[in-house]
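In my numbering, the protein residues as written are 62 to 195.
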């Protein structure tokens, strides 16, 4: 007999997923996304760059809509660090020795400011790094 065409996983040409992807691309291309990304990058640089003065911080960088605070070592207890961000009202998680944010292009200045302030507040509260001494 004949088998029906499987339309399950995204990588198999799921028509609904493809339609959503095409609509998302069209929406992106019809918006001023490039100027939004530049504005996000500028704010990330401005608000995160002072964090390089913290002893636990090795580097701070921003490229496009990606902001990274690199620590000297991974946090000793990553789950506690993530919980501290949630307590500040943002969903961020450490990835190895980096704390990063990739906000949506439609984020407001105030919302992005909240993310940056949460990173600063969590660093202010003190974090322990694995195998690193000040």
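The C-beta atom is built at its ideal place from N, Cα and C for all residues, glycine as well.
Give me the DSSP bridge partner(s) of residue i.
i	result
residue 129	122 and 161
residue 156	159
residue 139	Answer is none; residue 139 lacks a bridge partner.
residue 190	136
Which stretch, first to last residue, makes up the alpha helix (DSSP H) that contains residue i?
i	result
residue 112	Note, residue 112: premise wrong, no alpha helix (DSSP H); not H, not E.
residue 184	170-185
residue 151	No alpha helix (DSSP H) contains residue 151, which DSSP labels as neither H nor E.
residue 86	76-90
Excluding sequence positions up to five away, which residues of its chain have a Cβ less than 7 Å from the Cβ of residue i?
i	result
residue 45	Residue 45 lies beyond the range of the chain shown here (62 to 195); nothing can be said about it.
residue 127	161 and 163
Taking all protein chains shown into account, decide if residue i is buried (16 or more other Cβ within 10 angstroms of its Cβ) or exposed.
i	result
residue 156	exposed
residue 147	exposed
residue 93	exposed
residue 140	exposed
residue 172	exposed
Please list, in chain order, all residues of the same chain as residue i whose beta carbon is under 8 Å from its beta carbon, the five residues on each side excluded.
i	result
residue 138	189
Only counting the same chain, and skipping five residues up and downstream in sequence, which positions put a Cβ closer than 6 Å to that of residue i?
i	result
residue 154	143
residue 192	134
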